[in-house]
Amino acid sequence: MSLQKTTSLPPKRTLLVPHKRRLLPVTSSLHRQSTLNPSAAPAEIQFRRPVFSSVGEEDEKKECDDGGGGRQKSQNDAVRTVEFDSSQAPQPFLEPDVLARMRERQRLKLLKDEQEAGHSTTSSRGSAAGNVPRAGLDTEREIRRRALQTEYGTLYRAYSKMPRKRKSPDSPHAEASSSATQRNTSTSNRHNGRTNDINAPHPGAQQAEDFGIVLRDFYPPEMSNARCEAYNNGTLPRPIDTLNRAYEETEDERKAIMRPKNAVVHWFKTDLRLQDNRSLKMAYEMAKQNDIPLICLYILSPQDLTAHLHSPARVDFVLRNLHVLKKELARLDIPLYMETQEIRRNVPRRIAELCEQWGASNLFANIEYEVDELRREAKLVKLCCDKGIAFEAVHDTCVVTPGALENQQGRQYAVYTPWYRSWMTYLHGHPKNLDVVDAPGQNAGKARTHFKDLFDSEVPDAPGNKRLGDEEKQRFSEMYPAGEDEAMSRLDKFLQEKATDYGKMRSMVSGQHTSALSPYFAAGVLSVRVAVAKARDANGGYLDGKNAGLSSWISEVAWRDFYRHVLVHWPFICMNKCFKPEYTNIEWEYDTELFDRWTQGQTGFPIVDAAMRQLKHEAWMHNRNRMIVSSFLSKDLMIDWRRGERYFMEQLIDGDFASNHGGWGFGSSTGVDPQPYFRVFNPLLQSEKFDPDGAFIRQWVPELRDVKDRRAVHDPYARGAGAVAQRAGYPKPIVNHAESRDRALQRYKEGIARDK
Ligand SMILES: Cc1cc2nc3c(=O)[nH]c(=O)nc-3n(C[C@H](O)[C@H](O)[C@H](O)COP(=O)(O)OP(=O)(O)OC[C@H]3O[C@@H](n4cnc5c(N)ncnc54)[C@H](O)[C@@H]3O)c2cc1C
1 MSLQKTTSLP
11 PKRTLLVPHK
21 RRLLPVTSSL
31 HRQSTLNPSA
41 APAEIQFRRP
51 VFSSVGEEDE
61 KKECDDGGGG
71 RQKSQNDAVR
81 TVEFDSSQAP
91 QPFLEPDVLA
101 RMRERQRLKL
111 LKDEQEAGHS
121 TTSSRGSAAG
131 NVPRAGLDTE
141 REIRRRALQT
151 EYGTLYRAYS
161 KMPRKRKSPD
171 SPHAEASSSA
181 TQRNTSTSNR
191 HNGRTNDINA
201 PHPGAQQAED
211 FGIVLRDFYP
221 PEMSNARCEA
231 YNNGTLPRPI
241 DTLNRAYEET
251 EDERKAIMRP
261 KNAVVHWFKT
271 DLRLQDNRSL
281 KMAYEMAKQN
291 DIPLICLYIL
301 SPQDLTAHLH
311 SPARVDFVLR
321 NLHVLKKELA
331 RLDIPLYMET
341 QEIRRNVPRR
351 IAELCEQWGA
361 SNLFANIEYE
371 VDELRREAKL
381 VKLCCDKGIA
391 FEAVHDTCVV
401 TPGALENQQG
411 RQYAVYTPWY
421 RSWMTYLHGH
431 PKNLDVVDAP
441 GQNAGKARTH
451 FKDLFDSEVP
461 DAPGNKRLGD
471 EEKQRFSEMY
481 PAGEDEAMSR
491 LDKFLQEKAT
501 DYGKMRSMVS
511 GQHTSALSPY
521 FAAGVLSVRV
531 AVAKARDANG
541 GYLDGKNAGL
551 SSWISEVAWR
561 DFYRHVLVHW
571 PFICMNKCFK
581 PEYTNIEWEY
591 DTELFDRWTQ
601 GQTGFPIVDA
611 AMRQLKHEAW
621 MHNRNRMIVS
631 SFLSKDLMID
641 WRRGERYFME
651 QLIDGDFASN
661 HGGWGFGSST
671 GVDPQPYFRV
681 FNPLLQSEKF
691 DPDGAFIRQW
701 VPELRDVKDR
711 RAVHDPYARG
721 AGAVAQRAGY
731 PKPIVNHAES
741 RDRALQRYKE
751 GIARDK
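For the record, in the sequence shown the residue sitting at position 260 is 260 according to full-length UniProt numbering, with numbers rising by one throughout.
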């Protein structure tokens, strides 16, 4: 199935440069941003602008009322590619009316909280917290009171007396946390050791540090639950707000940046593709209109790779894709300049420096929604501005932009099903959202003459701690060949051969019934919009309904969007907290030997071991198995799920923060829309149901290959195959599932109660 060009769209005309939350027309003769007044924009643009905007309140109600239905056939029968028209391009920020609504709600809530606080606590010590709104703090105090009575409490008391480790100077939180520490001291004194202020570490912070959950070389200690609440109630700005604010604050300077100078730059990050890359396309069009070259840039930051736990397999995959990308771009006379920046704090400065060096006054990049990245981009906006460079960060990685979907109370959804209905309704209402922007064409402006050297730029080497051995390199490059063409042909093959059975077969762990496209999505080699649009077309134009397999696959892909929406709204999940912060108060185990048995696939639970061994060998795992092993670690072994989350990131080729965190939150019941904590996966039942013949187990656990009985292979020691298993060196189960289950229920119950 190939991407088809649409002929019915109006011809491309004025280039629009996104500015603030609007798209500003740039006349090709003047090449400059001419107005901020949307009403001054041509009628056609007004008409087309809502393509990437959020649903209005009225629309939202209407859409909710029809139950997310509207399961009508999409207007488009084929994936449509559009000749670039920036009214089709994403707006970098939320629509002004959506932002205004959000801010107004926030303001009213703060007002209400303050009024309530004024009534109830004139003499309360809590009022000493200055202008910190009191919402939730009483509850927090109670959490502290209870937490201090537990083992954690003892630990916290010890911790608070310990000298603090020096913060790494490049920590993005360094400034905030050093002032936090100062404020913390005074507040703690005031509160007589109580930790109800937002700057105190969580009582379990030392444990989180000791077991490598919080990487203190880069980040401050684990934050308190009160700090999570502060993000929720607007006391602390969300990183997306910080980015928005950076744009607001630089509005005048950015307006003053005149016509593009010698070149336009696109900065590649997790968007390693040409097709349907919105920022790349915007950069290309701007360069073309001004007859100047487009330069592409990639910066490898070893510290980022370490701080963000990228696996060697993933780093290798990225570097292999850069090789392909470099070649593809060179064919279009577009140079891809690559370099390594050891110190991640220096990345924004270096990018601005390069733009200056190249005489580029316009830089484009797609937005990554993780906290460090949003803060980095906010910094870059300002840095660039100071140097007369306009930096445009573009929404690209989701099908529906985070922030565009709100429930009827105007809140972000925290449950998948209604969110998905709203996501689907949004797409029915905005079918152009799935229009695919085509790849850039031939570079304009004599790039090969003016920027000749850049074409010789080499793909950087993987840093030492992220390097694969030769055999692994070979293995992974055969399993996951690099390049957009490969991703596209895998997608096509999956849609033709497997997708219609996906609904029935997707949970079966033996054989390949899912797309295995996750490495390509995670590195941005494949656009998620292309995938959804192609699946829709394979489904006769339907996004939902009709073929159960295809619509079910689309709804799985939607999970990826869901977790990103969650990340943007609840950013503390990116800082080693769970979505339900109170679940941090559960008493976890930190038994290193049990944890190692889990990572090595030596637990004596065949399905768990098979999955964990596959992960080691293939750097990938089936979704069902991810659920089984995450539940096993957090509930059967009661081990802090964040250790598993980290281990996954360090192994997976498709490691993706939002999806991984979401998956671990689900498995450990600490996340957004998780399975309830009292539903503990039984590994044996899961194994029998999703690997009925034991073929998957036999594939990955050779010790059990001689166990022919299809029942015994799931539990050899209890089902008459103990002697065979023992002879082959397969371990007995390291825990008794029934007992572990009871312990888990007890621990969860107690942990949550600490929050009451
Ligand atoms: C504990 C745990 C950890 C996980 N860690 C990651 C991770 O680091 N990276 C990652 O991409 N996915 C992760 N997932 C989600 C899911 O397991 C994988 O996306 C999926 O197994 C990838 O295989 P596939 O490409 O064949 O998926 P398919 O079933 O073919 O689905 C197509 C695509 O939809 C998306 N998708 C499907 N299911 C989910 C889901 N539950 N959550 C989010 N996206 C989904 C993925 O991008 C996937 O490639 C995790 C799930 C769990 C339970």
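We put the beta carbon where it would ideally sit given N, CA and C, even for glycine.
1) Of the residues Gly511, Cys385, Asp656, which one's Cα is nearest the Cα of residue 758?
2) With a threshold of 7 Å, establish whether the CB of Gly662 neighbours any heavy atom of ligand 1.
3) Contact between the segment 226-245 and the segment 270-286: three or more CB pairs below 8 Å?
4) Determine which residues share a DSSP beta bridge with Ile628 and list them.
5) Compare the C-beta of Arg506 against all C-beta atoms of chain B and say whether one is closer than 8 Å.
6) Which whole runs of the alpha helix (DSSP H) in the segment 424-479 are 4 residues long or more, in chain order?
7) How is the beta strand (DSSP E) around Tyr298 delimited, first residue to last?
8) Which whole-angstrom value is the C-beta distance of Leu243 and Ala307, which I expect to be below 8 Å?
9) What does DSSP give as the partner residue(s) for Phe364 in the beta ladder?
10) Only counting the same chain, and skipping five residues up and downstream in sequence, which positions put a Cβ closer than 7 Å to that of Val509?
11) Does the distance between the C-beta of Gly524 and the nearest non-hydrogen atom of ligand 1 fall short of 7 Å?
12) In angstroms, rounded to a whole number, what distance separates the CA positions of Asn407 and Ala447?
13) Could you have a look at Pro260 and say whether DSSP puts it in helix, strand or coil?
14) Less than 8 Å between the beta carbons of His513 and Pro606, yes or no?
15) Name the two residues that bound the continuous alpha helix (DSSP H) containing Tyr677.
16) I need the straight-line Cα distance from Pro431 to Met488, nearest angstrom please.
17) Residue range of the alpha helix (DSSP H) that residue 777 falls in?
18) Does the structure place the segment 389-402 close enough to the segment 491-506 that three or more beta carbon pairs sit under 8 Å?
19) Taking only the alpha-carbon atoms, compute the straight-line gap between His617 and Ala523 and give it to the nearest angstrom.
20) Ordered along the chain, which non-local residues of its own chain (more than five positions away) have a Cβ less than 6 Å from that of Val415?
21) What is the DSSP secondary structure of Leu209, counted as helix, strand or coil?
22) Less than 8 Å between the beta carbons of Asp596 and Thr603, yes or no?
23) Compute the Euclidean distance between the alpha carbons of residue 763 and Met223, then round it to the nearest angstrom.
24) Does the distance between the C-beta of Phe521 and the nearest non-hydrogen atom of ligand 1 fall short of 7 Å?
25) Note down the Cα distance separating Ser740 from Lys749, rounded to an integer number of angstroms.
26) Quick check: is any heavy atom of ligand 1 less than 7 Å from the C-beta of Phe455?
27) For a test of your reading of the model: does the CB of Gly404 fall under 7 Å from any non-hydrogen atom of ligand 1? Yes or no.
28) Compute the minimum distance between the beta carbon of residue 774 and the heavy atoms of ligand 1, and state whether it is under 7 Å.
29) Are the CB atoms of Ala462 and Pro312 nearer to each other than 8 Å?
30) Give the straight-line distance between the Cα atoms of Cys385 and Ala263, rounded to the nearest whole angstrom.
31) Could you check if Tyr420 belongs to the surroundings of ligand 1, using beta carbon to heavy atom distance under 7 Å?
32) Met638 to Gln206, Cα distance in whole Å?
33) Check for me: the beta strand (DSSP E) holding Glu406 runs from which residue to which?
34) According to DSSP, is Ile343 part of a helix, a strand, or is it coil?
35) Which of the three DSSP states is assigned to Pro108 in this structure?
The answer reads as follows:
1) The chain is shown only over 1 to 756; residue 758 falls outside these bounds and no answer can be derived.
2) Here the question's residue 662 lines up with position 662 in the sequence shown. Checking every heavy atom of ligand 1 against the Cβ of Gly662, one is found closer than 7 Å.
3) In short, these stretches do not touch, since the Cβ pair count stays below three.
4) Here residue 628 is taken as the residue at index 628 of the sequence shown, counted from 1. Per DSSP, none; premise fails for Ile628.
5) The structure shown contains no chain B, having only a single protein chain.
6) 447-450, 470-479
7) Within the sequence shown, residue 298 is the residue found at index 298, counting from 1. Its beta strand (DSSP E) spans residues 294-300.
8) Locating residue 243 in the sequence shown gives position 243, where the first residue counts as 1. Locating residue 307 in the sequence shown gives position 307, where the first residue counts as 1. No, Leu243 and Ala307 are not in contact; Cβ-Cβ is about 19 Å, not under 8 Å.
9) The residue you call residue 364 lines up with position 364 of the sequence shown. DSSP output for Phe364 lists His266, Glu392 as bridge partner(s).
10) Counted from its first residue, the sequence shown places residue 509 at position 509. Taken in chain order, the residues that qualify are His622, Arg624, Asn625, Phe690, Asp691, Phe696.
11) Locating residue 524 in the sequence shown gives position 524, where the first residue counts as 1. No - ligand 1 has no heavy atom lying nearer than 7 Å to the Cβ of Gly524.
12) Looking up residue 407 in the sequence shown gives position 407. Looking up residue 447 in the sequence shown gives position 447. Going from the Cα of Asn407 to the Cα of Ala447 covers about 48 Å.
13) Numbered from 1 along the sequence shown, position 260 holds the residue referred to as residue 260. Correct three-state label for Pro260: coil.
14) The residue labelled residue 513 in the question sits at position 513 within the sequence shown. The residue labelled residue 606 in the question sits at position 606 within the sequence shown. No.
15) For the purposes of this step, residue 677 is identified with residue 677 of the sequence shown, where counting begins at 1. First-last for Tyr677: undefined, no H or E at that position.
16) The count along the sequence shown starts at 1 and reaches residue 431 at position 431. The count along the sequence shown starts at 1 and reaches residue 488 at position 488. Taking the straight line from one Cα to the other gives about 22 Å.
17) With the chain represented from 1 up to 756, any question about residue 777 goes unanswered, as that position is not in the structure.
18) no
19) The count along the sequence shown starts at 1 and reaches residue 617 at position 617. The count along the sequence shown starts at 1 and reaches residue 523 at position 523. Their backbone Cα atoms lie some 20 Å apart in a straight line.
20) Taking the first residue of the sequence shown as position 1, residue 415 is located at position 415. Once the five neighbours on either side are set aside, the close Cβ partners of Val415 are Asp673.
21) Residue mapping note: residue 209 aligns to position 209 of the sequence shown, counting from 1. Note on identity: in this sequence residue 209 is Glu, with Leu being the wrong assignment. Assignment of Glu209 by DSSP, reduced to helix, strand and coil, places it in the helix class.
22) What you label residue 596 is simply residue 596 of the sequence shown in a count that begins at 1. What you label residue 603 is simply residue 603 of the sequence shown in a count that begins at 1. No, the Cβ-Cβ distance between Asp596 and Thr603 is not below 8 Å.
23) Nothing can be reported for residue 763: it is not among the residues displayed for the chain, which extend from 1 to 756.
24) If you number the sequence shown from 1, residue 521 lands on position 521. Yes, Cβ of Phe521 sits closer than 7 Å to a heavy atom of ligand 1.
25) Working through the sequence shown from its first residue, we reach residue 740 at position 740. Working through the sequence shown from its first residue, we reach residue 749 at position 749. Whole-angstrom Cα-Cα distance: 14 Å.
26) Residue numbering aside, residue 455 sits at position 455 when the sequence shown is read from its first letter. Outside the cutoff, so no.
27) Residue 404 sits at position 404 when you count from the first residue of the sequence shown. According to the sequence shown, residue 404 is Ala rather than Gly. Answer for Ala404: no, Cβ out of range of ligand 1.
28) Within the shown structure, residues of the chain are numbered from 1 to 756, placing residue 774 beyond reach of any answer.
29) Translated into the one-based positions of the sequence shown, residue 462 becomes position 462. Translated into the one-based positions of the sequence shown, residue 312 becomes position 312. Yes, the Cβ-Cβ distance between Ala462 and Pro312 is below 8 Å.
30) Start at 1 with the first residue of the sequence shown, and residue 385 comes out as number 385. Start at 1 with the first residue of the sequence shown, and residue 263 comes out as number 263. Cys385 and Ala263 have their C-alpha atoms roughly 16 Å apart.
31) Stepping through the sequence shown from its first residue, residue 420 is reached at position 420. No; taking the cut-off as 7 Å, the Cβ of Tyr420 has no heavy atom of ligand 1 nearer than that.
32) For the purposes of this step, residue 638 is taken as the residue at position 638 of the sequence shown. For the purposes of this step, residue 206 is taken as the residue at position 206 of the sequence shown. Each residue's Cα considered, the two are about 18 Å apart.
33) Here residue 406 is taken as the residue at index 406 of the sequence shown, counted from 1. For Glu406, there is no enclosing beta strand (DSSP E), as DSSP marks it with neither H nor E.
34) One-based indexing of the sequence shown puts residue 343 at position 343. Three-state result, Ile343: coil.
35) For the purposes of this step, residue 108 is taken as the residue at position 108 of the sequence shown. Going by the sequence as given, residue 108 is Leu instead of Pro. Three-state result, Leu108: helix.
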